[in-house]
Structure formats: C-alpha cells, structure tokens
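Peer 1: Residue numbers (our numbering): 100 to 547.
Below is the structure I would like to discuss, written out as structure tokens.
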Ligand code: NAP
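See the structure below:
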C-alpha cells in the first residue's frame, strides 16, 4: 500500500519494473515520492519535464570484478560497484561500503538518498555511492590493502576531483581511504587530494571529518530538542552501532550533558547505566578492532546482551547509527512504551516504514538520515574546499562550520515542511527541500 499522488504512480511502477528485486532502492524511492504530493500540485513544471522519472534513474551504474589474493595464496573474487546517481549540483559524491550484504540495490538506495542529502547541505555536490560485497571482518591488514588496491585499479578511471569523489561508509574508514588514495596516486602519478575524502590529517584530510557524521547527528537532534525548549542535559540516550558514526555521536551527546547508555554491533549490545566509557570503546573499536562484547570484560558493571536490541533500553532520545532497517516495528513499539520522545537517524534508512508510521502516530519527533547525518558529507565538501585551495583549517573553525550547516538543514526542513502544508514534519521537509534543489538545477540544465 502506498500513498502516492496519481501523477507519480506510473513513475513508481517503472522503478519497480526496471529495478526488480532491489527492495531497499524501492523503499528509499517510495519514501521520497510519498512526500511530493504538495510539490506536484504546486510545481507542475517538474512533472511536465519528467524530472521525477529522471531523478529515479541513475546517470551511470558501474559494476566490476575485484580479483585479489588472500594470505593463504587463494584467489578471491569480489564485485565492485559505483553508481553515479545525479550530478546536477556538482560532482558525484558519496561513500564506499565494504560489507557482504552489498549488491546493486543497496548501492542504489544509498546513492538516491545521497542525492537529496547532498542538496540539503547547500554545498556544490551531486550524489553517488559505491562499494563491494567484500567482507573485511577477520581479514589481515595486508589483505585489506591488497583488496583496496585491486578495487582502485578499476575505480580510478571513473573518478576525479571534478567527476566523482568517493569517501568512507560501513567497512571503509581512515585505513581503507589511505590504501585507496595511495593506489590512485600511484596509478595516475598525481597528488589529486580532492579525488577522495576522509583522508588522514597529514595527507590532505580535514579536521573534524572523522567526527562529523556523529557530531552533526547530535547537533541536528539538539535543534529538534531546542524547538521544544529542551536540551540534551540529563537525557537518557540509546545509540546503536559502534562504528564511526556511533562513536562520535556518543562523544557529542556526552559533551552536551546527555547520558549515552548503549552501543552495539551485529553480535549484540552493551548497556552501561553509568554512561558509555568512550576511551574504552575507542580503544576496542579504533585500535584493537575488536567487538563490543569486549567492553564488559574491562567494565564488569556494564552488561552485554547477545539477544534483543538497544531499543529495549528505556530512553528519551534514540539514535540509530548502525545500518538500514535496524529499527523495526517491534523496536519502535518498545521505544514508545518506554517513553521515547526523539528519534534521529545517524545511519541511512535505519527505520522501517512500519516503525516510522508507529513513531509518527505516537507523536515522537522523528527526523530522517538524509537530513540528520548530512554532516559527514558536508564536512567532506569542506575537505574538498581545503584541498582546492591547498589550505587546512583548524578543528574549531571546521566544527563551527559543521554546526552552522546542521542548524541550517534543521531550519530549512521545518520551514519547507511549513510551506508545503506539513508543519513539524521533518520527513516531508527534508525530502521536499532536497528535491527542489536538485529539480531546479535539472530544469536549468536541460534534458541531459
Ligand atoms: P562503520 O564504522 O563500519 O560501523 C558500522 C557499525 O554498524 C558497526 O558497529 C557494525 O557492527 C554495525 N552494523 C553494520 N551492519 C550491521 C547489521 N547488519 N546489524 C547490526 N549492526 C550492524 O560504519 P559507519 O560509517 O559508522 O556507518 C554507520 C551508518 O551510518 C551506515 O548506515 C552509513 O551508511 C551511515 N553513514 C555514515 C557516514 C560516515 O561518514 N561514515 C555518513 C553518513 C551516514 P559489525 O562490526 O558487527 O558489523
């Protein structure tokens, strides 16, 4: 069952037919199209120029073989992807994900979301995404390096500072960006720093990029709290995940006086009623590359649960920061029963449509990832800016820019929602504000 404007039904049916089996992509498209009712009524020119059909069709989709040799001498074959979704606003920009669940449908959902997210930042960046079904878990550093080098040996011909600028995502952090950039530099014989973001601070990276997605998520949710005259101070906060986004979301929650009580990975979750010990979590995840279950060994007062989820923990603010569709109807119902008031998505599409409906019916303030987690890509655009001017800014200045951008996105979501007859609706606000930016540029650029 969908709630689409009659003018969009055909478009959605085409998406289903052309992208058979790509359920995450269908889900992401439907969520945006369902927000466009009032836009179709107010701006018929978009429908006349088939802008919505065009936006749903990626400009280019690249799939390639990634052969590499593991530590035992066995030849391994993975599949690599890069989807150039939309370049109306700037070069394609979006991360690379290395996870065994990756297939074209995941990359397309992420690229589609990225297009609107990047538009919301107000920065000159189009939307793209890529990755591989490579599973980094249990692989040695040498294997990771060989895989990254092989991946880049194909990818390099498709990317460039003015064409397509990848970054990290699940399974791709600073270490992987280093190996990817190293191979790009070697093949092209040029130090084109602006070709990839998330670089290390001594080789072209930006201050605050590592922290940006998590910090930005919390800055956004802080604005949601402020809109109701509230703050993070003393609030119980449940965070899922224990990667790049989750760690720095927890850090900022703690700085703002909130009580971040949980973290998780695919094997279970940790509850620490004293608040997550961030130094310990960073040591486990960033240095030892271990699992969250290691946390309770060092901190016996905390508990590890292999079953259930962080959504079982009573909290006022919930920040899903792990992966898509991790907050389902049962989790949402548990959160509602326990009095949750705010849900802000640090991850991309972590909440299922049924869970979103339940949260909204219960009057929980809910804001979608394409707005809430846009601070990562916004700071990547700041990294590109620094690379282009061969400059590097201080942490404080970069963080301040990030903070301003997040406040700007929050306000533009609320203003747009108001303008299009859905006051307080962050989903409508984010989808419409992002869409209009991209659509207006596409109209101006003609049928290309
Ligand atoms: P990451 O550093 O690789 O961490 C991912 C975390 O999520 C890990 O704790 C991982 O646990 C957990 N996870 C992954 N798949 C899971 C699953 N199927 N079930 C349960 N837990 C799972 O990745 P990240 O960069 O933090 O990304 C997290 C989310 O934020 C993703 O949705 C990503 O698209 C989004 N995002 C990231 C950025 C960025 O700048 N990095 C920007 C915007 C949005 P395991 O170790 O057990 O897999």
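The C-beta atom is built at its ideal place from N, Cα and C for all residues, glycine as well.
Using a Cβ-Cβ cut-off of 7 Å (strictly less than) and excluding sequence neighbours within five positions of residue 439, which residues of its own chain qualify?
Peer 2: 414, 415, 417, 463
Peer 1: According to DSSP, simplified to helix, strand and coil, what is residue 484?
Peer 2: In the three-state reduction of the DSSP assignment, residue 484 falls in the helix class.
Peer 1: Can you tell which of 408, 435, 404, 154 has its C-alpha closest to the C-alpha of residue 132?
Peer 2: 154
Peer 1: When the Cα of residue 448 is compared with those of 423, 264, 147, which residue comes out closest?
Peer 2: 423
Peer 1: Bridge partners for residue 464 per DSSP, in chain order?
Peer 2: Partner(s): 441.
Peer 1: Output the distance between the C-alpha atoms of residue 482 and residue 296, rounded to the nearest integer angstrom.
Peer 2: 7 Å
Peer 1: Could you compute how far the alpha carbon of residue 501 sits from the alpha carbon of residue 365?
Peer 2: 30 Å
Peer 1: Pick out whichever of 101, 514, 434 has its Cα sitting closest to the Cα of residue 525.
Peer 2: The candidate whose alpha carbon is nearest that of residue 525 is 514.
Peer 1: Tell me whether residue 235 is buried or exposed, calling it buried when 16 or more other Cβ atoms sit within 10 Å of its Cβ.
Peer 2: buried
Peer 1: If residue 267 and residue 194 are in contact, beta carbons under 8 Å, what's the gap, nearest whole angstrom?
Peer 2: 5 Å
Peer 1: Are there 16 or more other CB atoms within 10 angstroms of the CB of residue 298, so buried, or fewer, so exposed?
Peer 2: It counts as buried.
Peer 1: Count the CB pairs spanning the segment 161-171 and the segment 143-153 that are closer than 8 Å, and state whether there are at least three.
Peer 2: No, the segment 161-171 is not in contact with the segment 143-153.
Peer 1: For residue 403, list the residues DSSP reports as bridge partners.
Peer 2: For residue 403, which the question treats as bridged, DSSP gives the partners 369.
Peer 1: Nearest to residue 227 by alpha carbon, out of 459, 291, 474, 156?
Peer 2: 156
Peer 1: Within 8 Å: the Cβ of residue 449 and any heavy atom of the ligand NAP?
Peer 2: yes
Peer 1: What separation, rounded to the nearest whole angstrom, lies between the Cα atoms of residue 538 and residue 390?
Peer 2: 43 Å
Peer 1: To the nearest angstrom, report how far apart residue 257 and residue 163 are at their CA atoms.
Peer 2: 11 Å
Peer 1: How far does the alpha helix (DSSP H) with residue 362 in it reach, from first residue to last?
Peer 2: Unbroken run through residue 362 is the beta strand (DSSP E), 361-364; no alpha helix (DSSP H).
Peer 1: Considering only heavy atoms of the ligand NAP, does any lie closer than 8 Å to the CB of residue 344?
Peer 2: yes
Peer 1: Secondary structure at residue 255, three-state DSSP: helix, strand or coil?
Peer 2: helix
Peer 1: Three or more C-beta pairs under 8 Å: does that hold for the segment 102-115 against the segment 124-138?
Peer 2: yes
Peer 1: Less than 9 Å between the beta carbons of residue 114 and residue 253, yes or no?
Peer 2: In terms of Cβ geometry, residue 114 and residue 253 do not form a close pair [threshold 9 Å].
Peer 1: Is the segment 493-512 touching the segment 206-222, taking contact as three or more C-beta pairs under 8 Å?
Peer 2: yes
Peer 1: So residue 115 is in the alpha helix (DSSP H); what residue range does that whole segment cover?
Peer 2: Boundaries of the alpha helix (DSSP H) around residue 115: 105-117.
Peer 1: Can we count residue 236 as close to the ligand NAP, meaning its CB is less than 8 Å from some heavy atom?
Peer 2: yes
Peer 1: Going by CA-CA distance only, name the one from 402, 112, 143, 499 that's closest to residue 478.
Peer 2: 499
Peer 1: Classify residue 375: buried if its beta carbon has 16 or more other beta carbons within 10 angstroms, exposed otherwise.
Peer 2: With 16 or more other CB atoms across the displayed protein chains lying within 10 angstroms of its CB, residue 375 is buried.
Peer 1: For residue 431 versus residue 453, is the C-beta distance shorter than 9 Å?
Peer 2: yes
Peer 1: Please state whether DSSP places residue 548 in a helix, a strand or coil.
Peer 2: Because the chain in this structure spans residues 100 to 547, residue 548 falls outside the shown range and cannot be described.
Peer 1: Count the other C-beta atoms from every protein chain shown that fall within 10 angstroms of the C-beta of residue 458, then say buried if there are 16 or more, exposed otherwise.
Peer 2: Looking at its Cβ environment, which holds 16 or more other Cβ atoms inside 10 Å, residue 458 is buried.
Peer 1: Given a cut-off of 9 Å on the beta-carbon distance, is the pair residue 410 and residue 461 in contact?
Peer 2: no
Peer 1: What I want to know is whether the C-beta of residue 476 ends up closer than 8 Å to one or more non-hydrogen atoms of the ligand NAP.
Peer 2: Distances between the C-beta of residue 476 and the heavy atoms of the ligand NAP include at least one below 8 Å.
Peer 1: Just reading off the alpha helix (DSSP H) that residue 565 is part of, what are its end residues?
Peer 2: This structure gives no information on residue 565, because the portion of the chain shown stretches from 100 to 547.
Peer 1: Is it right to say residue 490 is buried, meaning 16 or more other beta carbons lie within 10 angstroms of its own, or is it exposed?
Peer 2: exposed
Peer 1: What residue from 398, 468, 304 has the CA that sits closest to residue 484's CA?
Peer 2: 304 is the residue among 398, 468, 304 whose C-alpha sits nearest the C-alpha of residue 484.
Peer 1: Could you pull the DSSP bridge partners for residue 177 from this structure?
Peer 2: 165
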